[in-house]
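Quick mapping for you: the protein sequence lines, in order, are chains A and B. In terms of my numbering, the first sequence is residues 1 to 198. In terms of my numbering, the second sequence is residues 199 to 396. We put the CB at the ideal spot given by N, CA and C, even for glycine. The structure presented is a predicted model; accordingly, all values stated were derived computationally and were not measured.
Number of protein chains: 2
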Amino acid sequence: MPSVEFWYEFASTYSYPAALRIAALAEARGMSLVWRPFLLGPIFVAQGWRDSPFNIYPAKGRYMWRDLERTCAAMGAPLKRPEPFPQPSLLAARVALALEGESRSDFSRSVFVAEFGDGAPIGDRATIGALLAACGLDPAATLERAESEANKARLKAECVRAAEIGIIGAPCLVTGDGEVFWGNDRLEQGLDWAARQG
Amino acid sequence: MPSVEFWYEFASTYSYPAALRIAALAEARGMSLVWRPFLLGPIFVAQGWRDSPFNIYPAKGRYMWRDLERTCAAMGAPLKRPEPFPQPSLLAARVALALEGESRSDFSRSVFVAEFGDGAPIGDRATIGALLAACGLDPAATLERAESEANKARLKAECVRAAEIGIIGAPCLVTGDGEVFWGNDRLEQGLDWAARQG
Chain A
1 MPSVEFWYEF ASTYSYPAAL RIAALAEARG MSLVWRPFLL GPIFVAQGWR
51 DSPFNIYPAK GRYMWRDLER TCAAMGAPLK RPEPFPQPSL LAARVALALE
101 GESRSDFSRS VFVAEFGDGA PIGDRATIGA LLAACGLDPA ATLERAESEA
151 NKARLKAECV RAAEIGIIGA PCLVTGDGEV FWGNDRLEQG LDWAARQG
Chain B
199 MPSVEFWYEF ASTYSYPAAL RIAALAEARG MSLVWRPFLL GPIFVAQGWR
249 DSPFNIYPAK GRYMWRDLER TCAAMGAPLK RPEPFPQPSL LAARVALALE
299 GESRSDFSRS VFVAEFGDGA PIGDRATIGA LLAACGLDPA ATLERAESEA
349 NKARLKAECV RAAEIGIIGA PCLVTGDGEV FWGNDRLEQG LDWAARQG
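This is the structure:
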């Protein structure tokens, strides 16, 4: 089964609807997905940004929140803006990377729904622990694995890889032939491209 | 017939495929269009940018050009990057604004095709004059009207209006109830929104 990489960042607003939509879109095209959590922070810092561009450029931020409202309403997905925005996403990214397969995608979706559907503070260990438990995973053991030096180094390597691929935002689909499709509004296009490559 | 405003900037890459697509999309939904040329320059300057963000942030620029290649290829539209990028768009915007109705949309499409399909220098009076003639319009008389003080002032007012509406890039659709949809990838969504408002 042909495979596509789904790169996402837990602090990224458009990664939320994408994480909810992507599995059904991939299945409909007979594609398998590799969920790849990463951090946009290093990529933004390389561009000279020390905050989300949606905060640095308020007009862009206003547009994005309204656009996200419309997008979520059209999907029937709840939306509650977390405070502060962006949320600290390091812990969630480490935990997601320490999981594999469906545990990773289930946990990741649950983080996005808690954060952007319910406004929950995903930087808190209590929030992450509760989400792990709700996914049927052992919070203490998973957090320990997530915060091992090996897993921390693995996440750093993922961020380096993202920059090398040419990822400049989240979410992105990356196809086997190296094409990058950026945005929740590019999921169908990226999956169709990958399906044509076979 | 319900109406939507199509705001576009001749230097904007994604305004090119949007200008080619929008008329058929609007017609299919029974919507009429008001073509509103404007300049992004003042909006970018207000954000602290003195150049296209695709030049200021090279990684973003590389992504955009590849994305535009894919978009144009999928439409069967030619793509040739104009040099320099962005092209000076002031003259074309003044001319488009001095025209009305189908003359404006026909001329505007021809500018985009010359600029991004053929790499033509749209800041040159000779280029603009030839495009006007090809549209069956009188180059000398149109240029004179375009460069009248009244028309220059009108374009300035359009730019102020764009910023007031919350436009942060091009192209944008603006609906009767004040919603802004930014991007070639939001044309269908914006037109569908407007059609539901009736």
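Along the region 361-384 of chain B, going in chain order, the ones with a CB nearer than 7 Å to a CB of chain A are Gly364, Ile366, Val378, Trp380, Asp383.
Residue contact check for B:Lys278 against chain A: no CB pair falls below 8 Å. Listed by position along chain B, the residues whose Cβ is nearer than 9 Å to that of A:Lys60 are Gln245, Ile366, Gly367.
At a cut-off of 8 Å between beta carbons, B:Tyr255 contacts chain A. Chain-ordered, the chain B residues with CB closer than 9 Å to the CB of A:Tyr63 read Gly364, Ile365, Ile366, Gly367, Val378, Trp380. Judged by pairs of C-beta atoms under 8 Å, the region 28-48 of chain A touches the region 96-108 of chain A, as three or more such pairs exist. Residue environment analysis places B:Pro256 among the exposed positions, since fewer than 16 neighbouring C-beta atoms fall within 10 angstroms of its C-beta.
When the alpha-carbon of A:Ala96 is set against those of A:Glu179, A:Arg154, A:Lys60, A:Asp118, the nearest one is in A:Arg154. Within the DSSP secondary-structure output, B:Tyr206 pairs in a beta bridge with B:Pro235. Here A:Val174 is bridged, per DSSP, to A:Glu5, A:Val180. Contact check for A:Ile128 and A:Ala92: beta-carbon distance about 6 Å, within the 8 Å limit, so the pair qualifies. Classified as buried, B:Arg292 has 16 or more neighbouring CB atoms from the shown chains inside 10 Å of its CB.
Between B:Tyr261 and A:Ile168 the beta-carbon gap is near 5 Å, inside 8 Å, which marks them as a contact. In the three-state reduction of the DSSP assignment, B:Ser301 falls in the helix class.
B:Tyr214 and A:Ala77 have their alpha carbons spaced roughly 33 Å apart.
In chain order, Trp205, Val378, Phe379, Trp380 place their CB closer than 7 Å to the CB of B:Cys370, counting only its own chain and leaving out the 5 sequence neighbours on each side.
The C-beta distance from A:Lys80 to A:Gly48 rounds to 31 Å, too long to meet the 8 Å contact threshold.
A Cβ-Cβ distance of about 14 Å is found for the pair A:Gly178 and A:Pro2, leaving them out of contact under the 8 Å criterion. Closest option to B:Glu362, judged by alpha-carbon separation, among B:Ala221, B:Ala216, B:Phe236: B:Phe236. Residue burial is scored here from C-beta neighbours: A:Ala114 has at least 16 other C-beta atoms within 10 angstroms and is therefore classed as buried. In the structure shown, A:Ser108 adopts helical secondary structure according to DSSP, grouped into three states. B:Glu281: not part of any alpha helix (DSSP H); DSSP gives it neither H nor E. Here B:Arg343 is near B:Ala296, since their CB atoms are less than 8 Å apart.
Within its own chain, the residues whose Cβ lies closer than 6 Å to the Cβ of B:Arg307, once the five positions on either side in sequence are excluded, are Ala217, listed in chain order. Setting aside the 5 residues that flank it on each side, A:Gly123 is surrounded in the same chain by Gln87, Pro88, Leu91, each with a C-beta closer than 7 Å to its C-beta; the list follows chain order. Using a Cβ distance threshold of 8 Å, A:Leu191 and A:Val45 do not count as a contacting pair. B:Gly327: member of the alpha helix (DSSP H) spanning 323-332, first to last residue.
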